[in-house]
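Protein chains in written order, with this note's numbering: chain A, 6 to 396; chain B, 6 to 396.
The C-beta atom is built at its ideal place from N, Cα and C for all residues, glycine as well.
Notes follow once the structure below has been shown.
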DNA sequence: TCGGATTTGCCGTCAAGCGCAACAAATGGC
DNA sequence: GCCATTTGTTGCGCTTGACGGCAAATCCGA
């Protein structure tokens with residue numbers, strides 16, 4: 006961070022930024038022709054050629070023979086990120102730790118879910134990562150080039166040093182996972198809040214592709230988290246704690262709608278309440294959605310409407326302040342929204358400034374269970390993408 | 006906008022950005038030595054010298070003989086923005102239109118408040134600006150170089166084209182003030198919401214100097230507006246409507262605290278209610294503050310505490326989502342906060358994520374009645390500052 | 001099947017602009 | 001009055017992206 010910004014204004018800086026631009030394009034847009042690269046960057050053909058070959062020399066991209074395109078003119082070679090460039094990503098949860106290797110092309114290379122019969126500790130997590138990585142290095146990742154480790158942690162993470170200040174469900178407090186993982190693997194590690202990484206992933210590869218101002222809210226079993234993208238950049242705030250929508254206190258218009266005195270959003274709008282309404286105890290998201298769809302129960306409909314009303318106010322507040330062009334809902338919030346999108350849109354429109362709602366779109370998250378892994382990989386790739394010559 | 010970003014990556018772009026950097030520094034930091042410029046920019050001495058002389062040739066800065074500094078070494082010439090570079094700023098209000106000329110050094114050169122006995126129309130505003138400007142051009146601004154007009158409008162302004170979508174108190178709807186002013190003056194004009202411009206001003210020259218993540222809330226006679234700075238940049242949102250905190254619906258923990266069913270923040274936390282509590286009808290801010298301080302009335306204290314509680318929730322919501330390092334309160338919100346800052350801080354801390362409150366500061370706005378004018382000038386200067394070679 | 005149109009790669013040259021180093025100038029301190 | 005220190009000044013060199021001419025590879029129509 007900042008290393009490139011410092012170089013702004015020097016020739017070296019221009020060069021690095023141009024390399025970065027190309028690599029980012031190849032990363033986000035997938036394989037594309039050199040001709041498209043020149044068009045997208047506005048750089049000269051010859052410049053793009055030399056930059057691309059430099060990236061190829063660095064082993065970061067591959068130049069492949071042209072794709073057969075049915076157009077006039079000399080075909081342009083295809084530039085694609087090198088498949089061997091990968092990141093290790095980790096997502097510790099209450100009942101399992103998911104570890105995966107993700108390519109710079111955002112594809113999952115290997116993925117393993119390690120079920121746990123107890124709450125995993127930070128040190129244990131580091132060991133699991135190191136062990137799995139060592140195993141993979143001898144097999145699937147034989148000739149992979151691992152650039153770093155990205156961790157998606159369900160808790161509040163200080164961005165400066167990746168210290169996990171508090172992850173209530175893991176029962177981690179001030180856990181130095183980043184340092185532990187770095188020590189165990191010998192790789193640079195980065196840590197961030199899971200919902201923020203979800204926002205990042207949806208912004209870059211999911212429902213928020215190409216959108217510069219969006220709000221992302223994810224409803225998980227244990228609460229509501231989120232992230233926001235402003236001007237094309239994920240907002241972290243001073244210390245990186247931004248996006249904790251679940252702890253907000255939205256206004257509740259109908260007193261009867263309140264369940265918890267002085268409760269926060271995730272007390273009122275919660276997966277547990279939905280499960281309870283449909284009479285389930287544990288269920289994955291599709292099961293819950295199916296149960297909701299199947300239920301003709303009036304109480305269920307009432308609970309859904311109640312949660313939508315409160316969610317509508319919370320979203321309205323965010324819209325008034327941020328004027329996003331898109332709201333992305335994931336997890337059970339997607340289920341809640343999809344159940345009656347028109348009602349939610351109406352609730353939002355009624356609770357926010359009319360002009361701020363113009364052109365506003367509410368969508369359901371697109372990326373599935375790999376969302377956090379992709380977001381975490383993005384985190385691990387960030388340095389490389391920002392400055393391909395960094396190391 | 007974007008004209009420079011497009012050039013990123015080219016040499017020309019580097020040069021322009023370097024010029025911009027120097028000009029911005031001179032603009033924000035005031036007169037500074039060339040030596041300091043080299044230190045701040047990280048550029049080479051010789052580069053800074055040539056850039057500075059180029060800016061001087063453009064008439065944008067002045068190079069003055071060194072200030073007598075009691076330090077060893079060859080004294081460094083002082084670079085200051087040229088005093089003749091100025092912007093015209095306009096702030097139409099219900100009862101008056103304020104017009105001023107502001108230098109690139111953020112000093113007010115001339116200022117005139119034109120009292121109105123009726124609601125001013127957009128066309129009338131344009132005429133007033135043109136007339137005043139013509140008058141000034143023959144006198145105070147004889148050898149000024151006016152780069153543009155910035156308008157601070159109390160309403161929702163679409164950022165694309167400066168259309169005032171709705172300014173309730175002026176009774177403007179879809180008013181093309183920008184085009185009108187441009188036609189009347191022959192100068193490029195820019196329009197924005199007044200509170201956003203206040204945020205901009207406080208960020209750059211007031212209580213938020215040097216702070217990269219802040220939330221600004223201003224309490225006016227007619228409501229609560231604001232702005233937010235994220236990563237050092239003022240947030241506009243997709244269309245520029247961001248910052249409408251007054252329309253938010255914060256949770257209200259004690260049912261008795263609610264005055265308006267399903268009311269918004271500015272229904273509950275309002276200057277009118279404060280005035281009413283102290284038994285005034287019209288009063289300027291110091292008068293109101295004095296009345297509050299002088300009052301030993303329990304009902305007044307109760308109303309203050311009530312408003313602080315609700316404001317605390319609204320701020321808590323913003324803190325959870327944005328994790329700013331500073332909150333700046335202006336207008337009657339400053340009065341409300343200053344009355345018992347500890348209580349407000351406690352309320353905020355109780356209503357937001359503990360980690361997000363670490364290192365959080367709540368301050369009162371510093372800039373006085375010139376805040377909007379300075380913010381509007383900033384708007385008018387934006388193009389020039391971003392690319393000194395633009396025209 | 002062939003030639004024209006079109007698009008793009010490739011190569012050599014050019015030039016803009018920043019860094020660098022050596023020197024000069026201006027100041028404070030002993 | 002001399003030395004150390006800081007900084008302006010000057011000329012040079014180098015990096016790197018732009019540019020233009022030419023060749024290559026494709027599509028299309030005859």
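Presumed contact (8 Å Cβ cut-off) between residue i and residue j, rounded CB distance
| i | j | result |
| --- | --- | --- |
| residue 313/B | residue 345/B | 7 Å |
| residue 246/A | residue 161/A | 5 Å |
| residue 389/B | residue 152/B | 5 Å |
| residue 224/B | residue 386/B | 27 Å between Cβ atoms; not a contact. |
| residue 253/B | residue 319/B | 6 Å |
| residue 335/A | residue 357/A | Contact doesn't hold; Cβ gap of about 21 Å is too wide. |
| residue 68/B | residue 80/B | With 8 Å as the limit, residue 68/B and residue 80/B do not qualify as a contact, their Cβ atoms being about 13 Å apart. |
| residue 165/B | residue 244/B | 7 Å |
| residue 200/B | residue 231/B | 5 Å |
| residue 251/B | residue 228/B | 4 Å |
| residue 384/B | residue 202/B | 6 Å |
| residue 48/B | residue 23/B | 7 Å |
CB contact flag (residue i, residue j, <8 Å)
| i | j | result |
| --- | --- | --- |
| residue 198/A | residue 167/A | no |
| residue 362/B | residue 324/B | yes |
| residue 90/A | residue 78/A | no |
| residue 240/B | residue 235/A | yes |
| residue 182/A | residue 130/A | yes |
| residue 274/B | residue 316/B | yes |
| residue 360/A | residue 171/B | yes |
| residue 119/A | residue 133/A | yes |
| residue 392/A | residue 58/A | no |
| residue 111/A | residue 93/A | no |
| residue 207/A | residue 371/A | yes |
| residue 95/A | residue 154/A | yes |
| residue 219/B | residue 330/B | yes |
| residue 272/B | residue 265/B | yes |
| residue 296/B | residue 306/B | no |
Limits of the unbroken alpha helix (DSSP H) element including residue i
| i | result |
| --- | --- |
| residue 34/B | 16-34 |
| residue 41/B | 39-46 |
| residue 383/B | 376-391 |
| residue 138/B | 127-142 |
| residue 356/A | Here residue 356/A belongs to no alpha helix (DSSP H), and DSSP marks it neither H nor E. |
| residue 186/A | 182-190 |
| residue 317/B | 303-327 |
| residue 207/A | 199-210 |
| residue 272/A | 270-273 |
Extent of the continuous beta strand (DSSP E) to which residue i belongs
| i | result |
| --- | --- |
| residue 157/B | 150-158 |
| residue 68/B | 66-69 |
| residue 106/A | 101-108 |
| residue 50/B | Segment 50-62 is the alpha helix (DSSP H) holding residue 50/B; no beta strand (DSSP E) there. |
| residue 97/A | 90-97 |
| residue 85/B | 83-86 |
| residue 398/B | No answer is possible for residue 398/B: the residues shown for chain B start at 6 and end at 396. |
| residue 117/A | 113-120 |
| residue 172/A | 169-172 |
Check each residue of the stretch 330-348 of chain B: if its Cβ is closer than 8 Å to any Cβ of chain A, include it; give the result in chain order. 330
Pull out every residue of the stretch 240-251 of chain A whose Cβ sits closer than 9 Å to any Cβ of chain B, in chain order. 240, 241, 242, 243, 244, 245, 246, 247, 248, 249, 250 and 251
If you pair each beta-carbon of the stretch 111-127 of chain A with each one of the stretch 168-177 of chain A, do three or more pairs fall below 8 Å? yes
Do the stretch 23-30 of chain B and the stretch 178-191 of chain A make contact, defined as three or more Cβ pairs closer than 8 Å? no
Specify whether the stretch 299-312 of chain A and the stretch 277-285 of chain A touch according to this definition: at least 3 beta carbon pairs, one from each stretch, less than 8 Å apart. yes
Determine contact between the stretch 251-264 of chain A and the stretch 373-392 of chain B, defined as no fewer than three beta-carbon pairs at a distance below 8 Å. no
In the stretch 315-331 of chain B, which residues sit with their C-beta less than 8 Å from some C-beta in chain A, listed in chain order? 318, 321, 322, 323, 325, 326, 327, 328, 329 and 330
When Cβ atoms are compared, which residues of the stretch 183-201 of chain A fall closer than 7 Å to chain B? none
Would you list, in chain order, the members of the stretch 141-169 of chain B that have their beta-carbon closer than 8 Å to a beta-carbon of chain A? 161 and 163
Check whether the stretch 50-57 of chain B touches the stretch 96-103 of chain B, counting contact only when three or more Cβ pairs, one atom from each stretch, lie closer than 8 Å. no
Looking at chain B, which residues of the stretch 30-53 of chain A have a Cβ within less than 7 Å of any of its Cβ atoms? 46, 47 and 48
If you measure beta-carbon to beta-carbon, which residues of the stretch 258-288 of chain B are closer than 7 Å to chain A? 258, 260 and 267
Contacting positions in the stretch 78-107 of chain A - beta carbon closer than 8 Å to chain B: none
In chain order, what residues of the stretch 357-369 of chain A put their CB closer than 9 Å to some CB of chain B? 357, 358, 359, 360, 361, 363, 364 and 365
In chain order, what residues of the stretch 14-26 of chain B put their CB closer than 8 Å to some CB of chain A? 14, 15, 16, 18, 19, 22, 23 and 26
If you measure beta-carbon to beta-carbon, which residues of the stretch 222-237 of chain B are closer than 9 Å to chain A? 231, 233, 235 and 236
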